[in-house]
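Residue numbers (the working numbering): 6 to 464. Beta carbons are placed, not taken as given, at the ideal position from N, Cα and C, and that holds for glycine. The block underneath contains the structure these notes are about, expressed in structure tokens.
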């Protein structure tokens with residue numbers, strides 16, 4: 006099985022100094038292997054409690070030495086785990102996997118992609134539509150948004166274009182004490198008309214989680230377990246998803262999974278939303294999540310994508326825009342779940358490749374947004390450059406060493422820790438603040454958190 010041709014491109018900002026033949030080679034499509042190459046094998050999706058199918062690198066048309074070198078190099082970048090799959094077969098893992106494989110790790114903003122998947126499932130079931138205003142699913146009454154807030158659409162929350170004021174660390178500054186995340190989101194004023202500007206937000210996805218919960222008519226965690234986790238073998242009680250005090254799972258972060266559980270989500274997306282013949286996430290939605298938006302060429306529906314440019318990152322410490330693709334050393338069709346510090350599930354459909362890694366930072370750059378993982382980063386560029394060299398059936402031209410981007414030294418804390426945003430979290434409305442909501446002290450989520458904590462215990 007030979008993947009189809011890959012579109013390649015030049016790297017913005019890199020002068021082509023070689024010969025004309027070298028330049029043409031860089032732009033040429035990958036060269037297929039000879040017809041005599043052995044057929045690759047595919048592995049079945051594992052059931053609950055079952056290990057991933059494995060294959061030798063050679064069986065999947067990978068050079069074992071080059072693959073091992075790429076994984077070893079990435080493992081040194083403050084990684085907790087590294088897994089490489091081809092055709093759903095595990096072909097390589099980091100050397101620490103026997104120790105770290107059962108350790109739960111916060112997906113951080115990878116959680117946003119899970120909420121996106123749940124949105125797609127709800128839409129397929131006719132529970133909501135992406136262009137519906139969120140007001141259709143919100144309660145009526147004080148503290149539940151004015152007409153402008155209620156007119157924001159589900160799609161605008163998915164594309165991070167709600168227009169609401171954001172400050173990424175300030176929005177998360179009350180984690181664990183939030184009485185009602187949806188009401189905190191609705192307390193933030195509009196900065197831009199909805200749909201016109203990309204701004205990486207925490208509370209936007211939190212509001213989306215609440216909207217999906219209301220649309221499906223049941224607890225979001227229960228819906229996730231029934232419609233997403235159980236079908237792919239992630240068992241109830243085997244993980245932890247932090248809830249706010251009202252009981253809503255955090256929509257922007259705080260889903261703790263093992264590397265293997267994270268990989269199940271990645272392989273589900275790699276296979277077009279199917280798992281052992283069952284369509285879990287609609288195929289049309291899987292195709293949609295990686296389509297670049299006009300407001301950010303590197304962002305789809307709460308997934309990052311390699312399909313477009315330019316890229317705008319998060320406000321850590323400043324929202325930098327770079328005139329290139331997210332991972333210039335990987336094929337255009339790569340897309341990913343991406344959490345702070347490098348919680349990454351990268352799907353490359355054209356190569357039948359899936360890479361899953363967890364850890365904390367690891368990029369080598371003088372540029373603060375890259376160093377902090379808030380902008381297209383050097384670690385991914387370097388790893389995928391090395392991984393592409395391990396392919397034996399497809400030739401991906403080498404783009405050269407990481408070129409770097411202009412250094413952005415805007416470290417103004419108002420960008421990411423605006424006290425005004427935090428104060429609106431603490432005191433969202435006369436009806437809801439950090440102590441009480443609607444005359445009561447919310448505690449339902451605290452009780453759920455205590456009950457779920459055993460899911461963090463290995464085994």
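Enclosing alpha helix (DSSP H) for residue i [first to last residue]
{"i": "residue 161", "result": "159 to 163"}
{"i": "residue 341", "result": "Looking at the DSSP string, residue 341 is not in any alpha helix (DSSP H); the run it does join, the beta strand (DSSP E), is 340 to 344."}
{"i": "residue 347", "result": "It is not in any alpha helix (DSSP H) - residue 347 carries neither H nor E in the DSSP assignment."}
{"i": "residue 231", "result": "No alpha helix (DSSP H) holds residue 231; DSSP gives it neither H nor E."}
{"i": "residue 329", "result": "Residue 329 -> no alpha helix (DSSP H), and no H or E assigned at all."}
{"i": "residue 71", "result": "69 to 80"}
{"i": "residue 373", "result": "373 to 376"}
{"i": "residue 219", "result": "208 to 221"}
For residue i, three-class secondary structure by DSSP
{"i": "residue 355", "result": "helix"}
{"i": "residue 454", "result": "helix"}
{"i": "residue 387", "result": "helix"}
{"i": "residue 449", "result": "helix"}
{"i": "residue 5", "result": "What the structure shows of the chain is the stretch from 6 to 464, and residue 5 is not part of that stretch, so it cannot be assessed."}
{"i": "residue 180", "result": "coil"}
{"i": "residue 459", "result": "helix"}
{"i": "residue 399", "result": "strand"}
{"i": "residue 195", "result": "strand"}
{"i": "residue 427", "result": "helix"}
{"i": "residue 360", "result": "strand"}
{"i": "residue 225", "result": "helix"}
{"i": "residue 414", "result": "coil"}
{"i": "residue 438", "result": "strand"}
{"i": "residue 169", "result": "strand"}
{"i": "residue 14", "result": "Only weak support exists for where residue 14 lies, its pLDDT of 36 falling under 50; the coordinates are left without a value."}
{"i": "residue 36", "result": "Bear in mind that the predicted position of residue 36 carries a pLDDT of just 46, short of 50, making it unreliable; the figure below should be weighed with that in mind. DSSP places residue 36 in coil when its eight states are reduced to three."}
Extent of the continuous beta strand (DSSP E) to which residue i belongs
{"i": "residue 434", "result": "432 to 434"}
{"i": "residue 407", "result": "Taken as a continuous stretch (DSSP letters only), residue 407 belongs to no beta strand (DSSP E), as it is neither H nor E."}
{"i": "residue 84", "result": "84 to 91"}
Integer-rounded CB distance, given that residue j should sit under 8 Å from residue i
{"i": "residue 381", "j": "residue 332", "result": "7 Å"}
{"i": "residue 455", "j": "residue 446", "result": "Contact doesn't hold; Cβ gap of about 16 Å is too wide."}
{"i": "residue 369", "j": "residue 399", "result": "Incorrect: roughly 28 Å between the Cβ atoms, too far for contact."}
{"i": "residue 306", "j": "residue 286", "result": "No, residue 306 and residue 286 are not in contact; Cβ-Cβ is about 11 Å, not under 8 Å."}
{"i": "residue 362", "j": "residue 378", "result": "So it is not a contact: roughly 12 Å between Cβ atoms."}
{"i": "residue 409", "j": "residue 384", "result": "Their Cβ separation, rounded to whole angstroms, is 13 Å, which puts residue 409 and residue 384 out of contact at 8 Å."}
{"i": "residue 208", "j": "residue 193", "result": "6 Å"}
{"i": "residue 172", "j": "residue 421", "result": "6 Å"}
{"i": "residue 371", "j": "residue 416", "result": "Between residue 416 and residue 371 the Cβ distance is about 13 Å, and since that is not below 8 Å, they are no contact."}
{"i": "residue 310", "j": "residue 295", "result": "4 Å"}
Subject >> the segment 218 to 232 touching the segment 117 to 129, judged by at least three CB pairs closer than 8 Å >> reply: yes
**OP:** Just list the beta strand (DSSP E) runs in the segment 90 to 157, keeping only unbroken ones of 3 residues or longer that don't cross its boundaries, in chain order.
**Re:** Counting whole runs of 3 or more residues, the segment 90 to 157 contains the beta strand (DSSP E) stretches 94 to 98.
**OP:** Just list the alpha helix (DSSP H) runs in the segment 243 to 311, keeping only unbroken ones of 4 residues or longer that don't cross its boundaries, in chain order.
**Re:** Those alpha helix (DSSP H) runs which fall completely within the segment 243 to 311 and span 4+ residues are 264 to 275 and 288 to 294.
Original post:
How do the segment 265 to 285 and the segment 48 to 66 stand: do at least 3 beta-carbon pairs fall below 8 Å, yes or no?
Top reply: yes
Original post:
So does the segment 251 to 264 actually touch the segment 54 to 72, counting three or more Cβ pairs closer than 8 Å?
Top reply: Touching, no, given that fewer than three Cβ pairs across the two stretches are closer than 8 Å.
Original post:
Within the chosen definition, does the segment 241 to 253 reach the segment 93 to 103 through at least 3 CB pairs nearer than 8 Å?
Top reply: Verdict: no, contact absent.
Original post:
Any contact of the segment 171 to 189 with the segment 421 to 438, i.e. 3+ C-beta pairs under 8 Å?
Top reply: yes
Original post:
Within the chosen definition, does the segment 127 to 142 reach the segment 154 to 168 through at least 3 CB pairs nearer than 8 Å?
Top reply: yes
Original post:
Between the segment 196 to 208 and the segment 83 to 90, do at least 3 Cβ pairs fall closer than 8 Å?
Top reply: no
Subject >> Three CB pairs or more closer than 8 Å across the segment 256 to 271 and the segment 97 to 114 >> reply: yes
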